[in-house]
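Chains Y and A, in that order, give the protein sequences. Just so we're on the same page, my numbering is the position in the first sequence counted from 1, plus 21. Just so we're on the same page, my numbering is the position in the second sequence counted from 1, plus 1. Heads up, the beta-carbon is just placed ideally off N, CA and C, and yes, glycines get one too. The model shown is predicted, which means the values in this text are computed figures rather than measured ones.
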Amino acid sequence: MDFLFSYIVLAEIYVLLGLSTNLLVGIAGIFSVSQAAVFGVGAYLVAHFMMAADPLSFIPSLLIAAACCVALNILVTLPSLRVSGDYFVVTSFGIQLLATAVFTNWAEGTGGANGLPGIPPPDVFGWPIATTGQYVLLCTAFAGLGCIAFWLIMRAPFGRLVRAIREDETAVAAAGKNVLRAKVSAAALAGAFAGTAGGLYATFLSFIDPSSFDLDASILLLTMVVVGGARTLAGSIVGPFLLLALPQLLTLVEIPTTIAAAARQLIYGLLLIVFMLFRPQGLAGERL
Amino acid sequence: MTAYLNVDGLDHYFGGLRALQECSFTIEQGRITCLVGPNGAGKTTIFNVITGFLKPDQGRVAFRGRSLDGLRPQSIVHAGIARTFQNLRLFTDLTALDNVLVGMSGQFGEEPLGAIFRPVHTARAQARRRAEAMQTLEHVGLANRARDLVRNLSYGEQKLLTVARVLATGAELLLLDEPASGLSAGALDAIMSLLRRLQSEGKTLLVVEHNTRVVQQIADEVLFLHQGHLMAQGTPGQIISDPALAEIYFGGAL
Numbered sequence: 022m023d024f025l026f027s028y029i030v031l032a033e034i035y036v037l038l039g040l041s042t043n044l045l046v047g048i049a050g051i052f053s054v055s056q057a058a059v060f061g062v063g064a065y066l067v068a069h070f071m072m073a074a075d076p077l078s079f080i081p082s083l084l085i086a087a088a089c090c091v092a093l094n095i096l097v098t099l100p101s102l103r104v105s106g107d108y109f110v111v112t113s114f115g116i117q118l119l120a121t122a123v124f125t126n127w128a129e130g131t132g133g134a135n136g137l138p139g140i141p142p143p144d145v146f147g148w149p150i151a152t153t154g155q156y157v158l159l160c161t162a163f164a165g166l167g168c169i170a171f172w173l174i175m176r177a178p179f180g181r182l183v184r185a186i187r188e189d190e191t192a193v194a195a196a197g198k199n200v201l202r203a204k205v206s207a208a209a210l211a212g213a214f215a216g217t218a219g220g221l222y223a224t225f226l227s228f229i230d231p232s233s234f235d236l237d238a239s240i241l242l243l244t245m246v247v248v249g250g251a252r253t254l255a256g257s258i259v260g261p262f263l264l265l266a267l268p269q270l271l272t273l274v275e276i277p278t279t280i281a282a283a284a285r286q287l288i289y290g291l292l293l294i295v296f297m298l299f300r301p302q303g304l305a306g307e308r309l
Numbered sequence: 002m003t004a005y006l007n008v009d010g011l012d013h014y015f016g017g018l019r020a021l022q023e024c025s026f027t028i029e030q031g032r033i034t035c036l037v038g039p040n041g042a043g044k045t046t047i048f049n050v051i052t053g054f055l056k057p058d059q060g061r062v063a064f065r066g067r068s069l070d071g072l073r074p075q076s077i078v079h080a081g082i083a084r085t086f087q088n089l090r091l092f093t094d095l096t097a098l099d100n101v102l103v104g105m106s107g108q109f110g111e112e113p114l115g116a117i118f119r120p121v122h123t124a125r126a127q128a129r130r131r132a133e134a135m136q137t138l139e140h141v142g143l144a145n146r147a148r149d150l151v152r153n154l155s156y157g158e159q160k161l162l163t164v165a166r167v168l169a170t171g172a173e174l175l176l177l178d179e180p181a182s183g184l185s186a187g188a189l190d191a192i193m194s195l196l197r198r199l200q201s202e203g204k205t206l207l208v209v210e211h212n213t214r215v216v217q218q219i220a221d222e223v224l225f226l227h228q229g230h231l232m233a234q235g236t237p238g239q240i241i242s243d244p245a246l247a248e249i250y251f252g253g254a255l
């Protein structure tokens, strides 16, 4: 049972990340490959506040971390307002590498490559979250709120505006709209989602290290959006649940653990290529 | 009395090419003014300067006596001037109705926090806006295509939709870049009668147009642009009958 519950918790955390990536890449057309870096900052910040000499409880830590990730994501997305398309991918790639370097080498802050153990479990206003079952409730609540928020903005004028921006910024400006403000809003929301996911992830695993927030992780998020489907709520849910099921399924197959990790990467890569070639709209989305 | 739109001494260089040379003219309210001239005369550049997409190297533009210097494109739309593009620039993955809605100003729920925390208010405001957008589509004769994706619309329908989108902004001075080019005879009549109708409803139009038949039928005033400079101004009859201008327009290109 715990096995199934952990899968659900992780998948729900990745649903929040899927929403974040879908909002930025799928809908607003800001092709970021550094979402895992923002996810990581959220995770490390929540760990930091909860493990401080004068520790904060979970909800305040999460709120502060999410706010920091909002600011951070606006900052790392700002280059996309100046350089377009292909150039931004390269900029974003650099940001991801920079973040990984900091996570790995700043030993006092992040525990470096050894990681940060002993992150305490969360509590919600005094109600402790101890069992995996309770984690499922907590993450379902957060993922549910995330999905509702995503659904509400997508059907509101804001959703239409960012879709229009992805197609033609000049035409949006000519229609009298502030392109800059809409892009910054999209980046802020994506930051809040990624930061929240980070906090949930850190407290659930109680141990974090840079390998969860590296370039591979960013590409996994993009793969989830591509496989699930760009620009739809369903796509942001289907992708994470499906791709995270894969390592679980591989454990059922009798292969040595050393090969399992490589096999997983191989399958993720293949999925990305096959979907881009034959089904760019993903399982439940629109063409990226 | 200040002019409705006053374009004064515009100069603009693209590298070594002087696209606009001390270009000056005024436009009167409530009229259809056609901007004509050979390719490369600077017609679209003028549009880009008036609507804030290009900063001129010299000169100024004033609308209703108010300077537009340094204003960003979206502020110029709010000041009352909106434009279409020669290459349409519609949002082809959105429906016709959504294209019009993007152009409508002051919508609740364009900020994500408003949309998330006041969903009922957002939905109600949206319903009203949709009704207004439908009226705009009806106005240009596209009501039956409201739910269709723009990429499935015919070229003529797409041209009408660009006009609907500028109308949605509520602007009173409309700058239309070749609204009639590439249209079949039927679509041409539809767009010309639409332009006339807009004029009778109080809009002022500045139209780039190549088709002399269209110019003759719709223009109250014609501005003839050549090498970035205003060469002549007059009624369509005066401009078209001038042999020197005909030489530039038809002969000069050959």
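The straight-line gap separating the alpha-carbon atoms of V46 of chain Y and R129 of chain A is approximately 31 Å. The three-state secondary structure of L89 of chain A, taken from DSSP, is coil. Between V59 of chain Y and chain A, the shortest Cβ-Cβ separation is not below 8 Å. Looking at A:L11, A:Y250, A:P180, A:T3, the one whose alpha-carbon comes closest to that of R65 of chain A is A:T3.
Cα atoms of L206 of chain A and A203 of chain Y: separation of roughly 30 Å, rounded to the nearest angstrom. Rounded to the nearest whole angstrom, the CA to CA distance from F70 of chain Y to P76 of chain Y is 6 Å.
In the three-state reduction of the DSSP assignment, D75 of chain Y falls in the coil class. In the three-state reduction of the DSSP assignment, G212 of chain Y falls in the helix class.
Within its own chain, no residue has a Cβ closer than 6 Å to the Cβ of L287 of chain Y once the five positions on either side in sequence are excluded. The beta carbon of Q22 of chain A sits closer than 7 Å to those of D12, Q228, G229, H230, all from its chain and outside the five residues before and after it, given in chain order.
Using beta-carbon distances, F225 of chain A does not count as an interface residue toward chain Y, since no partner is under 8 Å. Residue Y:I48 holds the alpha-carbon nearest to the alpha-carbon of L243 of chain Y among Y:D23, Y:L83, Y:V30, Y:I48.
Listed along chain A, no residue sits closer than 8 Å to S82 of chain Y by beta-carbon distance, the nearest being about 22 Å off. Per DSSP, H122 of chain A has no beta-bridge partner at all. Separation of the CB atoms of T34 of chain A and L224 of chain A is rounded to 6 Å, and the pair is thereby assigned contact status at 8 Å. Contact between S113 of chain Y and S55 of chain Y holds: CB atoms are separated by about 5 Å, below the 8 Å threshold.
For T191 of chain Y, the number of other beta carbons within 10 angstroms of its own is below 16, and it is reported as exposed. Taking all protein chains in view, the Cβ of L166 of chain Y is surrounded by fewer than 16 other Cβ atoms within 10 Å, so the residue is classified as exposed. Counting along the chain, the unbroken alpha helix (DSSP H) around E190 of chain Y starts and ends at 190-195. Burial is judged here by how many other beta carbons sit within 10 angstroms of a residue's own beta carbon; M22 of chain Y has fewer than 16 and is exposed.
Secondary structure of A63 of chain A (DSSP, three-state): strand.
A straight-line Cα-Cα distance of about 11 Å links H211 of chain A and Q217 of chain A. Under a 10 Å Cβ-count criterion, V259 of chain Y is classified as buried, with 16 or more other Cβ atoms of the shown protein chains found around its own Cβ. The C-beta separation of A172 of chain A from G81 of chain A comes to about 5 Å, placing the pair in contact by the 8 Å criterion. Proximity of chain A to L210 of chain Y at the Cβ level (cut-off 8 Å) is accounted for by P113, in chain order. Using a Cβ-Cβ cut-off of 8 Å, F214 of chain Y does not count as an interface residue toward chain A, since no Cβ of chain A sits closer than that to its own.
Taking A97 of chain A as reference, the option from A:A169, A:L174, A:V209 with the minimal CA-CA separation is A:A169. CA-to-CA, the gap between N153 of chain A and L91 of chain A works out to about 12 Å. Residues of the stretch 63-92 of chain A with a C-beta atom less than 9 Å from some C-beta of chain Y are R73, P74, Q75, S76, I77, V78, H79, A83, R84, T85, F86, L89, R90, L91, F92, listed in chain order. Judged by beta-carbon spacing, I95 of chain Y lies beyond the 8 Å limit of A116 of chain A, meaning their Cβ atoms are not closer than that value. Cβ-Cβ separation between V37 of chain A and T85 of chain A: approximately 17 Å, too far for a contact (criterion under 8 Å). DSSP, reduced to helix, strand and coil, places I33 of chain A within a strand of the structure shown.
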